[in-house]
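J.: In order, the protein sequences belong to chains Z and C. For the first sequence, full-length UniProt numbering assigns the number 1 to the initial residue and increments by one for each residue that follows. For the second sequence, full-length UniProt numbering assigns the number 1 to the initial residue and increments by one for each residue that follows. Once you've had a glance at the structure underneath, I'll fire off some questions.
2 protein chains.
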Amino acid sequence: MTSVNALSGHAEGLRGLHIAGLLGLALKRLREEILVDGEQQFPGLRVSHFRLLELIPDSGARITDLAEIAGMTKQGLGQHVDYLQERGYAESERVAGDRRVRLVRRTAEGDRAMEFSRASIDRVEQEWKRRLGAEKFELLRETLVEVCGPLDEELEWLSRP
Amino acid sequence: MTSVNALSGHAEGLRGLHIAGLLGLALKRLREEILVDGEQQFPGLRVSHFRLLELIPDSGARITDLAEIAGMTKQGLGQHVDYLQERGYAESERVAGDRRVRLVRRTAEGDRAMEFSRASIDRVEQEWKRRLGAEKFELLRETLVEVCGPLDEELEWLSRP
DNA sequence: CCGAAGAAGTAAAGCAGCCTTACTACCGAG
DNA sequence: CTCGGTAGTAAGGCTGCTTTACTTCTTCGG
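Here it is in structure tokens:
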């Protein structure tokens, strides 16, 4: 009922989509808007890398911790870290006292990229706020929080923004 | 400002996330909720396959048309069709009069899967509506439409619900 | 102090869901 | 009948992950 076959929906446009479709589309739009220029200014960096850079605290972090925060495996995260390191956006060093641990930090260029990423997201948020009006925008955010809410328990945090 | 480092955000939970994070998380939650049981009841079917099944009109469609509707390449879509066909959820036949064309249809099992998928999405929509209240839910939908809106032009429709 | 348990990280492979490039087979217009 | 365009296919690549199977190092119990 709520969902309409896409072919028939073609006539009524977006309104024919169910929530799943709308959320997906909104996210896609947002990502497109966020990464205009980003990939030019920071060669090699893709969305997932900007995301990872934002997760690294200024004081650095262990791969294991980053993996937990990002909700993925250590190996997966390790690959991203290697990628960033090869391109000079991150660095890591073995920790004195526990030589298993690699402490990962952003480089200066990594800082720049992270700031760019945040600024981009802010820019798009402002744009959306302008388009929707502050009131609607806040309601959107709150509603999303409410929808996501009941599962803060498991810290499988931050899916794939 | 709007975005907060994830580690510090940990304390304040979801509210520390920017819109991108919230949208991603909401979508993830929704998909998880939708596909409870789905993969048991219809072995081999993943989210993308349910989505494709919904795109096939009852009268069948050509791969090229499905690809356009789904916003992906013919090859990509062709792979999905093959996958569905191997598992008995779809069938296809060359069309008399134009032997290049493969007309793709759902099988009876494919119909069942599609109905299941729609029912699941409806169920989750109802659940969300209950949780949010009808008013907020409608506002969410409308706001999402508004946000996605300005680009109905390009028919890159239906990202990846 | 030793040895076992377990944590940090790595290596290799695989998979989902796509895309690009490069075709073949076929149709329809002139 | 040829020429241009369309339907579909084949092969390979890429991203962003996962699983399984390690190695290396630390720590804790005895």
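C-beta: ideal position from N, C-alpha, C; glycine also.
For the region 26–38 of chain Z, which residues have a CB atom closer than 8 angstroms to at least one CB atom of chain C, in sequence order?
T.: Here the close residues are Ala26, Leu27, Lys28, Arg29, Leu30, Arg31 and Ile34.
J.: Can you tell me whether C/Ala20 is buried or exposed? The criterion is at least 16 other CB atoms within 10 Å of its CB, across all chains shown.
T.: By one-based count along the second sequence, residue 20 of chain C stands at place 20. Looking at its Cβ environment, which holds 16 or more other Cβ atoms inside 10 Å, C/Ala20 is buried.
J.: Among Z/Glu32, Z/Asp58, Z/Glu146 and Z/Thr73, whose alpha-carbon lies nearest the alpha-carbon of Z/Val104?
T.: Indexing the first sequence from 1 puts residue 104 of chain Z at position 104. Out of Z/Glu32, Z/Asp58, Z/Glu146 and Z/Thr73, Z/Asp58 has the C-alpha closest to the C-alpha of Z/Val104.
J.: Under the three-state reduction of DSSP, which class applies to C/Ala96: helix, strand or coil?
T.: The count along the second sequence starts at 1 and reaches residue 96 of chain C at position 96. Three-state DSSP puts C/Ala96 in coil, outside helix and strand.
J.: I'd like the span of the alpha helix (DSSP H) that includes C/Ala66, first residue to last.
T.: For the purposes of this step, residue 66 of chain C is taken as residue 66 along the second sequence, with counting starting at 1. Looking at the sequence shown, residue 66 of chain C is not Ala but Leu. Ile63 to Ala70 is the span of the alpha helix (DSSP H), which, as asked, contains C/Leu66.
J.: Between Z/Gly44 and the rest of its own chain, which residues show a CB-CB distance below 6 angstroms, the 5 nearest in sequence each way excluded?
T.: Residue numbering aside, residue 44 of chain Z sits at position 44 when the first sequence is read from its first letter. The residues are Arg87.
J.: State the DSSP-derived secondary structure class of C/Thr143, mapped to helix, strand or coil.
T.: Against the second sequence, residue 143 of chain C aligns to sequence position 143. Looking at C/Thr143 - three-state DSSP - the assignment turns out to be helix.
J.: Using only the alpha-carbon positions, how far apart do C/Pro161 and C/Arg118 sit?
T.: As a working mapping, residue 161 of chain C is identified with position 161 in the second sequence. As a working mapping, residue 118 of chain C is identified with position 118 in the second sequence. At C/Pro161, the pLDDT of 34 sits below 50, so the modelled position is not reliable; the number obtained from the coordinates is stated separately. C-alpha separation (whole angstroms): 12 angstroms.
J.: Do C/Leu66 and C/Leu84 have their C-beta atoms within less than 9 angstroms of each other?
T.: By 1-based counting over the second sequence, the position of residue 66 of chain C is 66. By 1-based counting over the second sequence, the position of residue 84 of chain C is 84. Contact: no.
J.: Return the first residue and the last residue of the alpha helix (DSSP H) that C/Phe50 is part of.
T.: Indexing the second sequence from 1 puts residue 50 of chain C at position 50. Looking at the DSSP string, the run of the alpha helix (DSSP H) that includes C/Phe50 is Val47 to Leu55.
J.: So with Cβ pairs under 9 angstroms, would you call C/Gly24 a contact of chain Z?
T.: Counted from its first residue, the second sequence places residue 24 of chain C at position 24. Yes, C/Gly24 counts as interfacial toward chain Z.
J.: Are there 16 or more other CB atoms within 10 angstroms of the CB of C/Gly110, so buried, or fewer, so exposed?
T.: The residue labelled residue 110 of chain C in the question sits at position 110 within the second sequence. Per the 10 Å Cβ criterion, buried.
J.: Please look up how many angstroms separate the CB atoms of C/Ala26 and Z/Leu35, rounded, as I've assumed it's under 8 angstroms.
T.: If you number the second sequence from 1, residue 26 of chain C lands on position 26. If you number the first sequence from 1, residue 35 of chain Z lands on position 35. Not a contact, Cβ separation roughly 20 angstroms.
J.: Based on DSSP bridge pairs, tell me the residues matched to C/Val104.
T.: One-based indexing of the second sequence puts residue 104 of chain C at position 104. C/Val104 pairs with C/Ala61 and C/Ser92.
J.: Residues in its own chain within less than 7 angstroms of Z/Leu30 by CB, not counting five upstream and five downstream?
T.: Here residue 30 of chain Z is taken as the residue at index 30 of the first sequence, counted from 1. So the qualifying residues of the chain are Val124.
J.: Going by beta carbon distance, what residues of the same chain come within less than 7 angstroms of Z/Gln41, once the five residues before and after it are set aside?
T.: Numbered from 1 along the first sequence, position 41 holds the residue referred to as residue 41 of chain Z. Once the five neighbours on either side are set aside, the close Cβ partners of Z/Gln41 are Phe116.
J.: Quick one: grab the DSSP three-state call for Z/Met1.
T.: Start at 1 with the first residue of the first sequence, and residue 1 of chain Z comes out as number 1. For Z/Met1, the predicted model reports a pLDDT of 31, less than 50, meaning its position is unreliable and no value from the coordinates is stated.
J.: May I ask you to report which of helix, strand or coil DSSP gives Z/Asp82?
T.: Numbered from its first residue, the first sequence carries residue 82 of chain Z at position 82. Z/Asp82 falls in the helix class under three-state DSSP.
J.: At 9 angstroms on the CB atoms, spell out the chain C contacts of Z/Leu140, in chain order.
T.: As a position in the first sequence, residue 140 of chain Z is number 140, starting the count at 1. Those within 9 angstroms of Z/Leu140 in chain C are Ile19, Leu22, Leu139, Leu140, Thr143, Leu144 and Val147.
J.: Use the C-beta contact count for Z/Arg99: other C-beta atoms within 10 angstroms, 16 or more gives buried, fewer gives exposed.
T.: One-based indexing of the first sequence puts residue 99 of chain Z at position 99. So Z/Arg99 counts as exposed.
J.: For chain Z, check one thing: does any of its Cβ atoms lie closer than 9 angstroms to the Cβ of C/Ala11?
T.: Residue 11 of chain C sits at position 11 when you count from the first residue of the second sequence. Annotation note: pLDDT 36 at C/Ala11 (below 50); position unreliable, no value reported.
J.: Using a Cβ cut-off of 7 angstroms, which residues of the region 108–127 of chain Z contact any Cβ in chain C, in chain order?
T.: Those would be Arg118, Ile121, Asp122 and Glu125, in chain order.
J.: Is DSSP giving Z/Arg123 helix, strand or coil here?
T.: For the purposes of this step, residue 123 of chain Z is taken as residue 123 along the first sequence, with counting starting at 1. Helix at Z/Arg123.
J.: As a quick exercise: from Z/Lys129, Z/Glu68 and Z/Val147, pick the residue whose alpha carbon is nearest that of residue 169 of chain Z.
T.: Nothing about residue 169 of chain Z can be read from this structure; chain Z reaches only from 1 to 161.
J.: My understanding is that C/Ile63 touches C/Gly78, with C-beta atoms under 8 angstroms, so please give their C-beta distance in whole angstroms.
T.: Locating residue 63 of chain C in the second sequence gives position 63, counting from the first residue. Locating residue 78 of chain C in the second sequence gives position 78, counting from the first residue. Contact holds; Cβ gap of about 5 angstroms.
J.: What is the C-beta distance between C/Arg106 and C/Arg94, in whole angstroms, given that I count them as a contact (C-beta under 8 angstroms)?
T.: For the purposes of this step, residue 106 of chain C is taken as the residue at position 106 of the second sequence. For the purposes of this step, residue 94 of chain C is taken as the residue at position 94 of the second sequence. Incorrect: roughly 18 angstroms between the Cβ atoms, too far for contact.
J.: Let me check understanding here. Comparing Cα to Cα, which of Z/Leu140, Z/Glu32 and Z/Gly38 lies closest to Z/Met114?
T.: Along the first sequence, read from residue 1 onward, the residue named residue 114 of chain Z stands at position 114. When each option's Cα is compared against that of Z/Met114, the closest is Z/Gly38.
J.: C/Thr82: which of C/Ile121, C/Val147, C/His49 and C/Met72 sits nearest, CA to CA?
T.: For the purposes of this step, residue 82 of chain C is taken as the residue at position 82 of the second sequence. One detail in the question is off: residue 82 of chain C reads as Asp in this sequence, not Thr. It is C/His49.
J.: Kindly list the residues whose CB is nearer than 8 angstroms to the CB of C/Glu142, restricted to its own chain and excluding five residues on each side of it in sequence; keep chain order.
T.: What you label residue 142 of chain C is simply residue 142 of the second sequence in a count that begins at 1. Cβ within range, chain order: n/a, list empty.
J.: Drop a sphere of 10 angstroms on the beta-carbon of C/Arg131, count the other beta-carbons inside from all chains shown, and report buried for 16 or more, exposed for fewer.
T.: Your numbering for residue 131 of chain C matches position 131 in the second sequence. The residue in question, C/Arg131, is exposed, as its Cβ has fewer than 16 Cβ neighbours within 10 Å.
J.: If we count the other Cβ atoms within 10 Å of its Cβ and call it buried at 16 or more, is C/Ala70 buried or exposed?
T.: On the second sequence, residue 70 of chain C is found 70 positions in, with the first residue counted as 1. With 16 or more Cβ atoms within 10 Å of its Cβ, C/Ala70 is classed as buried.
J.: Which of helix, strand or coil does DSSP assign to C/Lys28?
T.: One-based indexing of the second sequence puts residue 28 of chain C at position 28. Note: C/Lys28 maps to helix in three-state DSSP.
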